[in-house]
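So the structure is just underneath, and the comments pick up after that.
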Amino acid sequence: MAIIPLKDDDGQVEHIYREKTDKRILKKNPWRDYRLHVTVLILVVIAELIGTQKIPITGDVAITIMPLIYTIVLGLVFYLAKPITWIQRKQARIAEGAMMLFIGVLIAKLAVSSGQSIHLIFEMGPALILQELGHLATILVLPIALLLGFKEEAIGMTNSIGREPNVAVVVDKYGFNSPESRGVFAIFIIGTVIGTIFISFLVTMSLSFLPLHPYAFAMASGVGSASMNAAAIGPTLAAFPGLESQIEAFAGFSNLLSFCVGIYIVIFVAIPLTEKMYNWLEPKIGKDSIAKKGDE
Amino acid sequence: MPELIDEPVDVSVHGVFNWILLLSIFSIITVVGNYMGYRHPIYDSLIGMAILSGITLIGVWLERRLPLNISSIIYISLIGIFLAFPGVPTSETVLYYVSKIELLSIVTVFLAYVGIGIGKSWDEFKALGWKAIIVTVLVIASTYLGSAIVAHIVLVMTGVPV
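Chains as they are written, first to last, in my numbering: chain Z, 1 to 296; chain B, 1 to 162.
Next comes the structure, spelled out in C-alpha cells:
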C-alpha cells in the first residue's frame, strides 16, 4: 500500500505530509540523488521546448495542452520505462518527499498573489466560502457507485475527493480494515495516478464548454490536493489572459480554505450525508457486492 | 507495512540544510524553465525564487517547531499574504521579484516530481478495477464542477462583473 495514514497517539491526523517528507528527505540526503534532479531538469527543458500546443476542435474551441502535462506524463513514463534504470522506486519515494516541500513554493507564490489582491478576497468572500460547499457534489456519485455494485465501499469513495486528509478521516472513523476505508484507498490510489492528468483535461474542457465566471473557475481549482490544484490553475490562467493575479489570488485562497475548513465539512456534513443517502438508496438500487473481486 | 509512522523527527541543522539544498535545486530548475518559457531576466527570477523558498522554509520550520497542529501550508499562506499585503514595507519588492516567476513555471517543475512520484503507485493502480476508476473520475469531476457552479451562482447573484 502506498500510504498508510495513521493517527499518532494524540489523534493528530494532519501529520501525514510532514512525516512523509521528513522520513524521505531528512534521513536520506536526497540531494545526493542528483540523477533524479537532472532528469527533472531534462523533462522541464523538453516540456518548454515543445511549448503550449493548441488543438482546435471546432471553429472557436481549442484544447490547450501545456508544458505541465508533458512533465507529469513524461515523469510517469520515465519511471515505468524499463531502459531508464536510474529512476526507480527509491527515486520515486524521494520525488514524493521532495514534492511535499515544493508544494510550499507553489503555495507561497499563490499567497503573494492573494496578499496583493486582498481587497478582492474580501469582496468575493461569500462566493469563496460557499463554493467550499460545492465540493459536497461528490455525494451525487454515490448512486452510480451503488449501481456499479459497490456496497459500504461507496461511502468511503464518494464522501470527498479522497486525498490524504480525507483518507485519514475515513480510516479514523471506520477503522483500517473496514469496507469504507478500502473504498477511500481505492480513490486515493487512482486519484494519485490519474487525478492530476484528468483534472487538467477536465478544466480545459470546462473552460471551452461551460460559460462560467472566470473567478468561478479560479475558485474551483482549490480542490484540496496541491498537485490537482496546480494542474487546474494552468489552463485557467491561459484561458483568461490579463486576469492572472486575480485568478492566482482566488485559487490560492480557495486552496487555503479547503485546507482549513474543507476537512471539517467532510467530517460534519459530507460523511453523515453520505451515510444517510447510502441507507436510503442501498436497499433500492444496491447490487450484489463486487468488493472481493473489484477492490483488493 | 513498512511506512508506518513512527517517532517524530526533530528539526536538526542537518534537516534544514537538506531543505535549503532541495529548494535551491528546485529554484534553479524553475528559473531555467521560466527563462525558456517566458524570457524573464534570470537574475530577477532567482531572487524571486529565493523569496518564495525563504517563505517555504520558514513555514516548514514553524510547522515542526511550534507545538500547534497546523499544516505548513497555512503558515506559508499567511506569511506570503502578509509580505505582499498592500502597505507593508516589503510588499513592493516582494511583488516585483515574485512577479518574475510565472506560476506555470513552478507548476511545470512541481508536476515533473509528481509524475515520477506517482509511478510508485502504478502497481496498486493496475490492481484496481475499471469500476473504481469510473467512480474516481466522477468524484473528481463532481467536486470541481460542484464548486465552480456554486461559485458562479454566488458571483452572479452578488453582481460581480465578468
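Heads up, the beta-carbon is just placed ideally off N, CA and C, and yes, glycines get one too.
Buried or exposed for residue i, going by 16 or more other Cβ atoms inside 10 Å?
i                : result
Gly75 (chain Z)  : buried
Trp86 (chain Z)  : exposed
Tyr79 (chain Z)  : buried
Tyr97 (chain B)  : buried
Leu49 (chain Z)  : exposed
Pro161 (chain B) : exposed
Ile55 (chain Z)  : exposed
Thr274 (chain Z) : buried
Trp19 (chain B)  : buried
Ile199 (chain Z) : buried
Met100 (chain Z) : buried
Specify the secondary structure class of residue i as computed by DSSP and reduced to three states.
i                : result
Leu257 (chain Z) : helix
Thr85 (chain Z)  : coil
Lys54 (chain Z)  : strand
Ile149 (chain B) : helix
Thr64 (chain Z)  : strand
Phe176 (chain Z) : coil
Glu152 (chain Z) : coil
Pro272 (chain Z) : helix
Pro41 (chain B)  : coil
Arg163 (chain Z) : coil
Asp123 (chain B) : helix
His119 (chain Z) : helix
Thr90 (chain B)  : coil
Going by alpha carbons, who is nearest to residue i out of the options?
i                : options                                   : result
Leu257 (chain Z) : Z:Lys90, Z:Arg35 and Z:Ala127             : Z:Ala127
Met228 (chain Z) : Z:Gly183, Z:Asn279, Z:Asp172 and Z:Phe201 : Z:Phe201
Leu133 (chain Z) : Z:Gly286, Z:Pro272 and Z:Val261           : Z:Val261
Gly195 (chain Z) : Z:Ala220, Z:Ala232, Z:Glu180 and Z:Ala216 : Z:Ala232
Gly115 (chain Z) : Z:Asn279, Z:Phe253, Z:Leu273 and Z:Ile265 : Z:Phe253
Ala270 (chain Z) : Z:Gly97, Z:Leu120, Z:Ile161 and Z:Leu148  : Z:Ile161
Leu138 (chain B) : Z:Ser181, Z:Gly191, Z:Leu210 and Z:Ile263 : Z:Gly191
Ile72 (chain Z)  : Z:Ile46, Z:Pro56, Z:Gly97 and Z:Lys54     : Z:Ile46
Leu60 (chain B)  : Z:Ile187, Z:Val193 and Z:Ala98            : Per the sequence shown, residue 60 (chain B) should be read as Val rather than Leu. Among Z:Ile187, Z:Val193 and Z:Ala98, the Cα nearest to that of Val60 (chain B) belongs to Z:Ala98.
Phe217 (chain Z) : B:Gly159, B:Gly146 and B:Ile134           : B:Gly146
Ala132 (chain B) : Z:Leu146, Z:Thr64 and Z:Ile199            : Z:Leu146
Val31 (chain B)  : B:Ile153, B:Ile101, B:Trp122 and B:Tyr144 : B:Ile101
His119 (chain Z) : Z:Val266, Z:Ala249 and Z:Lys287           : Z:Ala249
Pro235 (chain Z) : Z:Val105, Z:Thr64 and Z:Gln88             : Z:Thr64
Ile153 (chain B) : Z:Pro272, Z:Met219 and Z:Met277           : Z:Met219
Ile79 (chain B)  : Z:Gly224, Z:Tyr174 and Z:Val105           : Z:Val105
Leu41 (chain Z)  : B:Tyr144, B:Phe125 and B:Thr108           : B:Thr108
Starting from residue i, find everything on chain Z with Cβ-Cβ shorter than 9 Å and list it in chain order.
i               : result
Asn80 (chain B) : Looking at the sequence provided, one finds Gly at residue 80 (chain B) rather than Asn. Correct list: Ile107, Ala108, Lys109, Leu110, Ala111, Val112, Ser113, Ser114, Gly115 and Gly252.
Pro67 (chain B) : Under the 9 Å cutoff, chain Z gives no residues; its nearest Cβ is about 11 Å from Pro67 (chain B).
Ser53 (chain B) : Gly104, Val105 and Ala108
Gly59 (chain B) : Gly104, Ile107 and Ala108
Determine the chain B residues that contact residue i at a beta-carbon separation under 9 Å, and present them in chain order.
i                : result
Glu96 (chain Z)  : Tyr113, Val114, Ile116, Gly117, Ile118 and Lys120
Ala231 (chain Z) : Val107, Leu111 and Val114
Please check if any C-beta of chain D sits within less than 9 Å of the C-beta of residue i.
i                : result
Ala239 (chain Z) : Chain labels in this structure do not include chain D; the protein chains are Z and B.
Give me the chain Z residues within the contact set of residue i, using Cβ-Cβ distance strictly less than 8 Å, ordered along the chain.
i                : result
Gly37 (chain B)  : Glu48, Gly51 and Pro67
Ala148 (chain B) : Gln131, Gly134, Ser206, Leu210, Leu212, Ala216, Phe217, Met219 and Ala220
Tyr144 (chain B) : Ile199, Leu202, Val203, Ser206, Ala220, Ser221, Val223 and Ala232
Going along chain B, which residues have a C-beta under 8 Å from residue i?
i                : result
Ile87 (chain Z)  : Ile116 and Gly119
Gly162 (chain Z) : Thr136 and Val139
List, in chain order, every chain B residue whose beta-carbon is nearer than 7 Å to that of residue i.
i                : result
Ile271 (chain Z) : Here the premise fails: no neighbours, minimum Cβ distance about 14 Å.
Thr192 (chain Z) : Ile118 and Ser121
Pro126 (chain Z) : Val154 and Thr158
How would you list, in chain order, the residues of chain Z whose beta-carbon sits under 7 Å from the beta-carbon of residue i?
i                : result
Lys100 (chain B) : The contacting residues do not exist; Lys100 (chain B) stays about 11 Å from chain Z at best.
Would you say the segment 30 to 39 of chain B touches the segment 78 to 97 of chain B, given that touching needs at least three Cβ pairs under 8 Å? No, because fewer than three Cβ pairs between the segment 30 to 39 of chain B and the segment 78 to 97 of chain B fall closer than 8 Å, the two stretches do not touch.
Between the segment 92 to 111 of chain Z and the segment 103 to 120 of chain B, can you find at least three pairs of beta-carbon atoms closer than 8 Å? At 8 Å Cβ cutoff, the stretches touch.
Is the segment 52 to 61 of chain Z in contact with the segment 38 to 58 of chain B, if contact means three or more CB pairs nearer than 8 Å? Output reads no: the segment 38 to 58 of chain B does not touch the segment 52 to 61 of chain Z.
Practice prompt. Determine, using beta-carbon pairs with one atom in the segment 133 to 143 of chain Z and one in the segment 228 to 244 of chain Z, whether at least three such pairs fall under 8 Å.
Written response: They do not touch, by the three-pair rule.
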